[in-house]
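Chemist:
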Amino acid sequence: MAEAPLDLGQLAIDRTPSPSDPSSTPRRRRWISRFVLPIGILIGFAMLLAVAAGQHWMPRKSVTVIPVIAKRAEVVQAGQTLFQSPGWIEPRPTAISVAALAPGVIESLLVVEGQPVKRGEPVARLISIDAELNVQQAKNTVAIRQGELQRAEAEWNAAMVRFKNPVHLEVQLADAESMLARAETELAKLPFMIEAAQANVEYARNNMQGKRSAEGAISGRIVARAESDHAAESAKLQELQRRQPNLQREVDALKTKVRALEKQLNLLVEETRQVEEAKAKVASSKALWEEAKLELRQAELALERNVVKAPMDGRILRLIASPGTRVSGMASSTGHSASTVVEMYDPDRLQVRADVRLEDVPMIRKGQPVEIETASSSLVIQGRVLQATSAANVQKNTLEVKVELIDPPPTVSPEMLVTATFLSAATSSDVDAAKDKQRLFVPEALIQAGDSGSFVWCVTEDETARQTPVVVGGAGGDGLVEIESGLNVTDKLIANVPSDLEPGDPISVVSEDTTMGMN
Numbered sequence: 001m002a003e004a005p006l007d008l009g010q011l012a013i014d015r016t017p018s019p020s021d022p023s024s025t026p027r028r029r030r031w032i033s034r035f036v037l038p039i040g041i042l043i044g045f046a047m048l049l050a051v052a053a054g055q056h057w058m059p060r061k062s063v064t065v066i067p068v069i070a071k072r073a074e075v076v077q078a079g080q081t082l083f084q085s086p087g088w089i090e091p092r093p094t095a096i097s098v099a100a101l102a103p104g105v106i107e108s109l110l111v112v113e114g115q116p117v118k119r120g121e122p123v124a125r126l127i128s129i130d131a132e133l134n135v136q137q138a139k140n141t142v143a144i145r146q147g148e149l150q151r152a153e154a155e156w157n158a159a160m161v162r163f164k165n166p167v168h169l170e171v172q173l174a175d176a177e178s179m180l181a182r183a184e185t186e187l188a189k190l191p192f193m194i195e196a197a198q199a200n201v202e203y204a205r206n207n208m209q210g211k212r213s214a215e216g217a218i219s220g221r222i223v224a225r226a227e228s229d230h231a232a233e234s235a236k237l238q239e240l241q242r243r244q245p246n247l248q249r250e251v252d253a254l255k256t257k258v259r260a261l262e263k264q265l266n267l268l269v270e271e272t273r274q275v276e277e278a279k280a281k282v283a284s285s286k287a288l289w290e291e292a293k294l295e296l297r298q299a300e301l302a303l304e305r306n307v308v309k310a311p312m313d314g315r316i317l318r319l320i321a322s323p324g325t326r327v328s329g330m331a332s333s334t335g336h337s338a339s340t341v342v343e344m345y346d347p348d349r350l351q352v353r354a355d356v357r358l359e360d361v362p363m364i365r366k367g368q369p370v371e372i373e374t375a376s377s378s379l380v381i382q383g384r385v386l387q388a389t390s391a392a393n394v395q396k397n398t399l400e401v402k403v404e405l406i407d408p409p410p411t412v413s414p415e416m417l418v419t420a421t422f423l424s425a426a427t428s429s430d431v432d433a434a435k436d437k438q439r440l441f442v443p444e445a446l447i448q449a450g451d452s453g454s455f456v457w458c459v460t461e462d463e464t465a466r467q468t469p470v471v472v473g474g475a476g477g478d479g480l481v482e483i484e485s486g487l488n489v490t491d492k493l494i495a496n497v498p499s500d501l502e503p504g505d506p507i508s509v510v511s512e513d514t515t516m517g518m519n
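Encoded structure:
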């Protein structure tokens, strides 16, 4: 059997891509990696460049800068002489004015200038005759008021006795009850008296008729006597008959009086009023007595104030008033000399007011040691700086500095001229005294004040504005001030600060002024 011929075309591989063939995916990925990814990277890099350079394209404020001024000053050791200044001694803090507390005329001065005195020691005496008379008058007034108080207390005690034991009302009530009983008795026996009077009238009439019937046998005088007796008995009978209504009214009135007295005895209205009135009178009299005692105390105080006394231990600085001078006391409104008699000072509390040249003022520090020399003392007096005053002398070009004297000797006193030698103060840098110290200065005009303190405007490395807080020290002359902290020697300060400058604003440095503050 013959073999069929071999068809090599069946062995060929069909490489035509089809839509559903997964072998086309790698070719698409190669297209993305070759074109899309590099384009995206270029776009991102361009955006970063635009953001980084955006600030340079924004408008910038043109400014002039100046460098921080650095000076090197030699640090001296503590105790070395810095400078000398003249001055004078004065009381610290001021002299004490000893004033008369009462108005009057000075009779005599009891001290002299420079005399030591103790607290409460008399220094002057005023004419005191008027004050003595006022004291005597006040004592008499106190005695009068005391007598009035005693009388008021006696009246109050009597009123209390009458209130607690109203015997005067009991007596009146007893009298009224007695009169009522007597009137009731008279009223009760009145019928019997009328009956007896009627019997007497009947007897007198029968007697009169009998005498008339025997008129011829007896004298006419006997008949007239019988008629008179009959008329008298008839009158008595009529009087008794008319007495009953009156007696009844009298009994009723007495009963009313008894009831009123009983009610008055229970209420004690008048007695209560008398007690309260006496009590008020006692209070008023006591107040007047206390007022009189107060006036006496005031008069005694005025008399006591006629002697001017020292308010403290010290020495007399100067005599202000002289004998015969009138002082106004505490009512003075014409100045201290109107009541001041002398001035005192404490010899243990003295100070020196030194005239320091303005160029030496930056070397002044609080607590700085000072040596004081004066002709009245052979020893050097130690002192320390208290503070610099604001009293600058334009003519002498000096500033007054107060120096406290430490343990001043008794030979020195105010107004003595002295020479003050200011020494360097002890600092922590004494161990490096041989080294130089760098100090930073800036023009005072560039220092601004804010809510958080002093600050200056600086230029950062990326040319933006920055507020830098600083701690300002002393003056350095030529319009400069020392900066104790906050700045470095490499910082650049903005000299012409725009009014609308804000922290972080981009700026453009147009020039650098290296002469400002270097005169």
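Sequential numbering of the sequence shown, starting at 1, is according to full-length UniProt numbering.
Even glycine gets a Cβ: it sits at the ideal position worked out from N, Cα and C.
Predicted model only: the values in this text are computed from it and were never measured.
Taking C-beta to C-beta, are residue 524 and residue 383 nearer than 8 Å?
Modeler: Because the chain here runs from 1 to 519, residue 524 falls outside it and cannot be looked at.
Chemist: Please state whether DSSP places residue 313 in a helix, a strand or coil.
Modeler: Position 313 of the sequence shown, counting from 1, holds the residue named residue 313. Coil.
Chemist: Reducing DSSP to helix, strand and coil, say where residue 408 ends up.
Modeler: Counting from 1 along the sequence shown, the entry for residue 408 is found at position 408. The answer is coil: DSSP assigns residue 408 none of H, G, I, E or B.
Chemist: What's the C-alpha gap between residue 165 and residue 181?
Modeler: On the sequence shown, position 165 is the one that residue 165 refers to. On the sequence shown, position 181 is the one that residue 181 refers to. Using only the alpha carbons, I get a separation of about 25 Å.
Chemist: Return the first residue and the last residue of the alpha helix (DSSP H) that residue 160 is part of.
Modeler: Numbered from its first residue, the sequence shown carries residue 160 at position 160. Start and end: 129-164.
Chemist: Identify, in the order they occur along the chain, each residue of the same chain with its Cβ nearer than 7 Å to the Cβ of residue 511, setting aside the five sequence neighbours on each side.
Modeler: Counting from 1 along the sequence shown, the entry for residue 511 is found at position 511. Closer than 7 Å at Cβ, skipping near neighbours: 64.
Chemist: What does the alpha-carbon distance come out to for the pair residue 129 and residue 292?
Modeler: For the purposes of this step, residue 129 is taken as residue 129 along the sequence shown, with counting starting at 1. For the purposes of this step, residue 292 is taken as residue 292 along the sequence shown, with counting starting at 1. Across the structure, residue 129 and residue 292 are spaced so that their CA atoms are roughly 21 Å apart.
Chemist: Does the distance from the CB of residue 392 to the CB of residue 364 come in under 8 Å?
Modeler: To locate residue 392, count along the sequence shown from 1; it is residue 392. To locate residue 364, count along the sequence shown from 1; it is residue 364. In this structure, residue 364 does not lie closer than 8 Å to residue 392 by Cβ.
Chemist: Identify every run of the beta strand (DSSP E) within the segment 62-110, keeping only runs that are complete inside it and at least 3 residues long; order them along the chain.
Modeler: 69-74, 81-91, 96-99 and 104-109
Chemist: Is it buried or exposed for residue 330, if we count other Cβ within 10 angstroms and need 16 for buried?
Modeler: Against the sequence shown, residue 330 aligns to sequence position 330. Counting Cβ neighbours within 10 Å, residue 330 comes out exposed, since fewer than 16 surround it.
Chemist: Can you list, in chain order, the stretches of the beta strand (DSSP E) that have 3 or more residues and sit fully within the segment 166-236?
Modeler: none
Chemist: With H, G and I counted as helix, E and B as strand and the rest as coil, what does DSSP make of residue 362?
Modeler: Residue mapping note: residue 362 aligns to position 362 of the sequence shown, counting from 1. It is helical.
Chemist: Only counting the same chain, and skipping five residues up and downstream in sequence, which positions put a Cβ closer than 8 Å to that of residue 472?
Modeler: Position 472 of the sequence shown holds residue 472. Taken in chain order, the residues that qualify are 447, 454, 481, 482, 483 and 484.
Chemist: Assuming residue 421 contacts residue 370 (C-beta within less than 8 Å), just tell me the rounded distance between them.
Modeler: For the purposes of this step, residue 421 is taken as residue 421 along the sequence shown, with counting starting at 1. For the purposes of this step, residue 370 is taken as residue 370 along the sequence shown, with counting starting at 1. Confirmed, about 7 Å.
Chemist: Tell me the rounded alpha-carbon separation between residue 220 and residue 260.
Modeler: Mapped onto the sequence shown, residue 220 falls at position 220. Mapped onto the sequence shown, residue 260 falls at position 260. Approximately 60 Å between the Cα atoms of the pair.
Chemist: Give the range of the alpha helix (DSSP H) segment to which residue 283 is assigned.
Modeler: Working through the sequence shown from its first residue, we reach residue 283 at position 283. Segment 269-304, the alpha helix (DSSP H) holding residue 283.
Chemist: Can the beta-carbon of residue 507 be found closer than 8 Å to that of residue 60?
Modeler: Translated into the one-based positions of the sequence shown, residue 507 becomes position 507. Translated into the one-based positions of the sequence shown, residue 60 becomes position 60. Yes.
Chemist: So, for residue 8: in the same chain, excluding its five sequence neighbours on each side, which residues have a beta-carbon less than 7 Å away from its beta-carbon?
Modeler: Counted from its first residue, the sequence shown places residue 8 at position 8. Since pLDDT at residue 8 reaches only 49, below the 50 mark, its modelled position is unreliable, and no value is offered.
Chemist: Rounded to whole angstroms, what is the Cα-Cα separation between residue 226 and residue 239?
Modeler: Taking the sequence shown and counting its residues from 1, the one referred to as residue 226 is at position 226. Taking the sequence shown and counting its residues from 1, the one referred to as residue 239 is at position 239. In a straight line, the C-alpha of residue 226 is about 20 Å away from that of residue 239.
Chemist: Consult DSSP for residue 112 and reduce its assignment to one of helix, strand or coil.
Modeler: The count along the sequence shown starts at 1 and reaches residue 112 at position 112. Three-state DSSP puts residue 112 in coil, outside helix and strand.
Chemist: Could you compute how far the alpha carbon of residue 143 sits from the alpha carbon of residue 264?
Modeler: Against the sequence shown, residue 143 aligns to sequence position 143. Against the sequence shown, residue 264 aligns to sequence position 264. Taking the straight line from one Cα to the other gives about 40 Å.
Chemist: Are the Cβ atoms of residue 398 and residue 358 separated by less than 8 Å?
Modeler: For the purposes of this step, residue 398 is taken as the residue at position 398 of the sequence shown. For the purposes of this step, residue 358 is taken as the residue at position 358 of the sequence shown. In contact: residue 398 and residue 358 (Cβ atoms closer than 8 Å).
Chemist: Is the CB-CB distance between residue 68 and residue 442 below 8 Å?
Modeler: Here residue 68 refers to the residue found at position 68 when the sequence shown is read from its first residue. Here residue 442 refers to the residue found at position 442 when the sequence shown is read from its first residue. For residue 68 and residue 442, yes; Cβs fall inside 8 Å.
Chemist: Does DSSP put residue 347 in a helix, a strand or coil?
Modeler: Stepping through the sequence shown from its first residue, residue 347 is reached at position 347. Looking at residue 347 - three-state DSSP - the assignment turns out to be coil, as it is neither helix nor strand.
Chemist: Measure from the alpha carbon of residue 353 to the alpha carbon of each residue in 451, 390, 461 and 189, then state which is nearest.
Modeler: Within the sequence shown, numbered from 1, the residue matching residue 353 stands at position 353. The residue with the shortest Cα to Cα distance from residue 353 is 390.
Chemist: Under a Cβ-count criterion, where at least 16 other Cβ atoms within 10 Å of its own Cβ denotes burial, should residue 349 be classed as buried or exposed?
Modeler: Numbered from 1 along the sequence shown, position 349 holds the residue referred to as residue 349. Residue 349 is exposed by the Cβ-count criterion.
Chemist: Quick one, are the C-beta atoms of residue 413 and residue 89 less than 8 Å apart?
Modeler: Here residue 413 refers to the residue found at position 413 when the sequence shown is read from its first residue. Here residue 89 refers to the residue found at position 89 when the sequence shown is read from its first residue. A contact, by the Cβ cut-off of 8 Å.
Chemist: Would you call residue 374 buried or exposed, if buried means 16 or more other Cβ atoms sit within 10 Å of its Cβ?
Modeler: As a first step, residue 374 is located in the sequence shown; it is residue number 374 there, counting from the start. Buried, by the Cβ-count rule.
Chemist: So what does residue 466 bridge to, in DSSP terms?
Modeler: Taking the first residue of the sequence shown as 1, we reach residue 466 at position 466. 458.
Chemist: Under 7 Å: does the beta carbon of residue 101 sit that close to some heavy atom of the ligand ATP?
Modeler: This structure simply doesn't include the ligand ATP, nor any ligand for that matter.
Chemist: Do residue 405 and residue 381 come within 8 Å of each other at the CB atom, strictly closer than that value?
Modeler: For this step, residue 381 is matched to residue 381 along the sequence shown. For this step, residue 405 is matched to residue 405 along the sequence shown. If you check the CB distance, residue 381 and residue 405 come in under 8 Å.
Chemist: Taking a contact to mean a Cβ-Cβ separation below 8 Å, would you say residue 355 touches residue 85 in this structure?
Modeler: Taking the first residue of the sequence shown as 1, we reach residue 355 at position 355. Taking the first residue of the sequence shown as 1, we reach residue 85 at position 85. Result yes, Cβ atoms of residue 355 and residue 85 sit closer than 8 Å.
Chemist: Name the residue from 207, 183 and 423 whose alpha carbon lies nearest to the alpha carbon of residue 255.
Modeler: Translated into the one-based positions of the sequence shown, residue 255 becomes position 255. Nearest of 207, 183 and 423 to residue 255, Cα basis: 183.
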